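Colleague: Got a structure for you, questions after.
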């Protein structure tokens, strides 16, 4: 029988995270304080994050030990499997070999707990009593709720109101794991009250929810903030994905020609890709491809510039690809990946030409997800469908060119809680929406003026 | 680091199913034709099932080979992991060791594809073009849809109307896997039309949906019927669960003192338990415990008698524990496991005293599921929560008695698609409903009069 799943035993959960910073070609731009317009210091960040995470954020050490307490919780689902997509290859009639790393095996159903667990751990060690965070549809919120529950921390999640109302399942998961879930904008913060005064019926947005969570954290002594993507330490925590995947590919004597991940804030992409970026820097001939939606085309149509992390301009300013902190993806967009910015680390790699980016329409992504489900069984999260689209495109190109090629992509989560998006696709309610260049130009007018 | 997950490599997917029939103490009662009141012959069953499955249903061979084509699809998720519940043990402060076999890793999120895949395979080999089946909340419907998709069969699922309307996620999963989903009662069958004439607003029931699917199958040449539980061959297909679990326990040098599964129709219970029943027959000192809801207490308050498999009296008559084919569990019951009967094999083992049965209230079950999620992470399906309740009860008894004890239970599925039931629990909307004995006596008046 052909090998379908490549498994690793529990003792192969990586013992160290890979920190890509020392291996970057250029130096990273500093992070800027939104109040002073000066580079932030660790002390500036202390109201937001516990010191161990601040240290990781700026560390130039290549390998950082994963505490046993973290590995013990990761063992609830890690190492995650790598699958060879025999059946999809056959349906496509491609000479390419398609592998995928499957992160949907975590209790929350996505890769997000890979960083939620260590974040909760370091907060616990540091003495934090409560974590405040935000969530859109709930992938991140459910993961941080799970992580807080595992380490006995309280957890408050500001959930974008339209999702709170319309996507109740992940809200229920957060509550089951003991978190307090608050529809955002709320009356609990100045940021929320400000929005509600202008528009009492506001549906909220991720940017607003971030502002609320940040304010909650900085105004409460024992509370810290937690972010599920974008930051350096978050990307680093996710590298367990790529480190395991490399070992799994080696077990079957294979190595990818192209590595593909979907890209929103950048964490699942970074998690799979960074360990392969290291190989590329050492001369390996490998393509590394980030797939994003055309309705939120940060890496392909944004600018590489300093910008705020949130709408209310309370979060630190980073140099990254951005569509402008005011940018709002259209309501029609069903596939997640809605952040206006991108992880500074991924941005720098795109800017340096190490990582390629491509934008795809949601209709093609759901098409790919359906083809995938019907051959491989697993129902992908809408976000992950962007990576599948990328992989199928590569496989079809290999077929046209009559070339063998090894493709590895990250299936970052399952879609059991996102079936309404599939319904909308089958009902023909989804369209591809490509943002007009003028709209993007407009939101790019408000970038901060950082002078170093 | 302590072992959390016990994994098996892919080549350890069992190569044979275990058929318990030759190992039963007594002979099995015959299955009776509902029309003739005589024992059914294989030919009688041919309009319903393909011959290879009929042969399996009556086989007295102890081991039956699993075709490679089936093992290749099972490899998409099997062997499933066995977990040691270290964190739950610690929360309970019990000296007991708790292990659980986790079947939620399948693409459909439950154990049901273990039999859906071989059923679709044998239908394909036999020349069936379409499978008709029924589903309540959709666990089985989604599994047979997946299986038909894997083997290129058409699939029609009659879904109990109230679930079709109120539980849209598994309906969407079925459609994604290419099945036609029809709210039952429907106008497509005599059985459905009969119900709709009396009550156009009928919400449907599992018994009615079975009648519709059976009628669809027997009235269409290339169509066969498929059942997700109860039958001998279904229980046998599920034995991969217990066969793997035994090997996994042996890997850590352990063996259970008690094996626990939830019980509705009997298939997940049989799947874990039967390979251990074999050991018990060979002298092993082991308890085997079926957990069922007090709102549908088939094994604990039913009678061991002949009864129809469905409401419309079209399905074969089997000797089993039954509450009467007219029995309807209360609407308030959120936890699945609603079938009026039980697998004849499980029934016989209960009758012979080999298997114990216990009924529990849904409030205690959700309590157990919450405790489990908050320690082990995984969110259980409401059905599976009955097994967790049983395991926690055993662990607490071990604590009181100060005894070491090894507990193994089957976590038959995840609850990501069942979050509404958790919401109802947290909102205090769930009550324990114990059927009044008079109601059960009433529904037991209509048992068929079988004379052999």
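Residue numbers (my numbering), protein chains in the order written: chain A, 75 to 526; chain B, 75 to 526.
For each residue, glycine too, the CB sits at the ideal point set by N, CA and C.
Quick caveat: nothing in here was measured; it's all calculated off a predicted structure.
Is it right to say residue 289 of chain A is buried, meaning 16 or more other beta carbons lie within 10 angstroms of its own, or is it exposed?
Modeller: Flag for residue 289 of chain A reads buried.
Colleague: List, in order along the chain, the chain B residues whose C-beta lies closer than 7 Å to that of residue 500 of chain A?
Modeller: Residues of chain B passing the Cβ test: 249.
Colleague: Going by beta carbon distance, what residues of the same chain come within less than 6 Å of residue 165 of chain A, once the five residues before and after it are set aside?
Modeller: These residues qualify, in order along the chain: 449.
Colleague: Tell me where the beta strand (DSSP E) around residue 90 of chain A begins and ends.
Modeller: That run of the beta strand (DSSP E) goes 90-92.
Colleague: Note down, in chain order, every chain A residue with its Cβ under 7 Å from the Cβ of residue 491 of chain B.
Modeller: Simply 490.
Colleague: Can you round the beta-carbon distance between residue 460 of chain B and residue 439 of chain B to whole angstroms, since I take them to be within the 8 Å contact cut?
Modeller: About 5 Å; that satisfies the 8 Å criterion.
Colleague: Of all the residues that make up the stretch 439-451 of chain B, which are near chain A by a beta-carbon distance shorter than 8 Å?
Modeller: For the stretch 439-451 of chain B, which is checked against every Cβ of chain A, the residues closer than 8 Å are 444, 447, 448, 450, 451.
Colleague: Have a look at residue 431 of chain B and residue 213 of chain B and give me their C-alpha separation to the nearest angstrom.
Modeller: Cα to Cα, residue 431 of chain B sits roughly 23 Å from residue 213 of chain B.
Colleague: Can you find a C-beta in chain A that's less than 7 Å from the C-beta of residue 75 of chain B?
Modeller: Yes, its Cβ sits closer than 7 Å to a Cβ of chain A.
Colleague: Which chain B residues are close to residue 302 of chain A, counting only those with a beta carbon under 8 Å from its beta carbon?
Modeller: In chain order: nothing, as chain B lies at least about 17 Å away.
Colleague: Excluding the five sequence neighbours on either side, which residues of its own chain have a C-beta within less than 7 Å of the C-beta of residue 102 of chain B, listed in chain order?
Modeller: Only 95, 418, 422 meet the Cβ criterion.
Colleague: Taking the alpha helix (DSSP H) that residue 513 of chain A belongs to, which residues open and close that run?
Modeller: Segment 511-517, the alpha helix (DSSP H) holding residue 513 of chain A.
Colleague: According to DSSP, residue 49 of chain A sits in a beta bridge with which residue or residues?
Modeller: No answer is possible for residue 49 of chain A: it lies beyond the span of chain A, which begins at 75 and ends at 526.
Colleague: Below 8 Å on the Cβ atoms is my guess for residue 177 of chain B versus residue 154 of chain B; work out the distance and round it to an integer in Å.
Modeller: Rounded, the Cβ-Cβ distance is 6 Å, consistent with contact.
Colleague: Quick one: what does DSSP say residue 279 of chain A is sitting in, helix, strand or coil?
Modeller: Coil, per DSSP.
Colleague: How is the alpha helix (DSSP H) around residue 140 of chain A delimited, first residue to last?
Modeller: Unbroken run through residue 140 of chain A: none, as it is neither H nor E.
Colleague: If you reduce the DSSP assignment to three classes, tell me which class residue 300 of chain B lands in.
Modeller: Residue 300 of chain B falls in the coil class under three-state DSSP.
Colleague: Return yes when the Cβ of residue 365 of chain B is within less than 7 Å of the Cβ of residue 464 of chain B, no when it is not.
Modeller: Yes, these two residues count as a Cβ contact at 7 Å.
Colleague: In the stretch 228-256 of chain A, which residues sit with their C-beta less than 9 Å from some C-beta in chain B, listed in chain order?
Modeller: Hits within the stretch, in order: 242, 243, 244, 245, 246, 247, 249, 250, 251, 252.
Colleague: Just the chain B side, please: which residues come within less than 9 Å of residue 150 of chain A by C-beta, in chain order?
Modeller: Simply 78, 79, 157, 161, 450, 451, 452.
Colleague: Closer than 8 Å by C-beta to residue 112 of chain A: which residues in its own chain qualify, once you throw out the five before and the five after it? Chain order, please.
Modeller: Closer than 8 Å at Cβ, skipping near neighbours: 106.
Colleague: Within 7 Å (strictly less), CB to CB, does residue 213 of chain B reach chain A?
Modeller: By this cut-off, residue 213 of chain B is not an interface position.
Colleague: Just to make sure I have the definition right: I need the residues of chain A whose C-beta is within less than 8 Å of the C-beta of residue 183 of chain B. Which are they?
Modeller: Those are 490, listed as they occur along chain A.
Colleague: For residue 429 of chain B versus residue 319 of chain B, is the C-beta distance shorter than 7 Å?
Modeller: Not a contact, by the Cβ cut-off of 7 Å.
Colleague: Just by C-beta distance, which residues in the stretch 171-199 of chain B are closer than 7 Å to chain A?
Modeller: Listed in sequence order: 179, 181, 183.
Colleague: Can you tell me whether DSSP reads residue 457 of chain A as helix, strand or coil?
Modeller: It is coil, neither helix nor strand.
Colleague: Mark residue 75 of chain A as exposed unless 16 or more other C-beta atoms lie within 10 angstroms of its C-beta, in which case mark it buried.
Modeller: Exposed, by the Cβ-count rule.
Colleague: At the level of alpha carbons, what is the spacing between residue 99 of chain A and residue 368 of chain A?
Modeller: Taking the straight line joining both Cα atoms gives about 29 Å.
Colleague: Of all the alpha helix (DSSP H) runs that stay within the bounds of the stretch 126-165 of chain B, which reach a length of 4 or more residues?
Modeller: Whole alpha helix (DSSP H) segments, 4+ residues: 142-148.
Colleague: Counting only runs of 4+ residues fully inside the stretch 159-211 of chain B, write out the alpha helix (DSSP H) ranges in chain order.
Modeller: Correct list: 160-166, 187-200.
Colleague: So within the stretch 231-280 of chain B, which uninterrupted beta strand (DSSP E) runs reach at least 3 residues, ignoring any that extend past its ends?
Modeller: The stretch 231-280 of chain B contains these whole beta strand (DSSP E) runs: 254-258.
Colleague: Tell me whether the beta-carbon of residue 478 of chain A lies closer than 7 Å to the beta-carbon of residue 169 of chain A.
Modeller: It is a contact, given that the beta carbons lie within the stated cut-off.
Colleague: For residue 444 of chain A, which residues in the same chain have their Cβ closer than 6 Å to its Cβ, ignoring the five residues on either side in sequence?
Modeller: Excluding sequence neighbours, residue 444 of chain A sits near nothing in its chain.
Colleague: Could you round the C-beta distance between residue 349 of chain B and residue 316 of chain B to whole angstroms and report it? I think they count as a contact, below 8 Å.
Modeller: So it is a contact: roughly 4 Å between Cβ atoms.
Colleague: When you compare the CB positions of residue 265 of chain A and residue 231 of chain A, do they come within less than 7 Å of one another, or not?
Modeller: For residue 265 of chain A and residue 231 of chain A, no; Cβs fall outside 7 Å.
Colleague: Using only the alpha-carbon positions, how far apart do residue 108 of chain A and residue 121 of chain A sit?
Modeller: Taking the straight line joining both Cα atoms gives about 14 Å.
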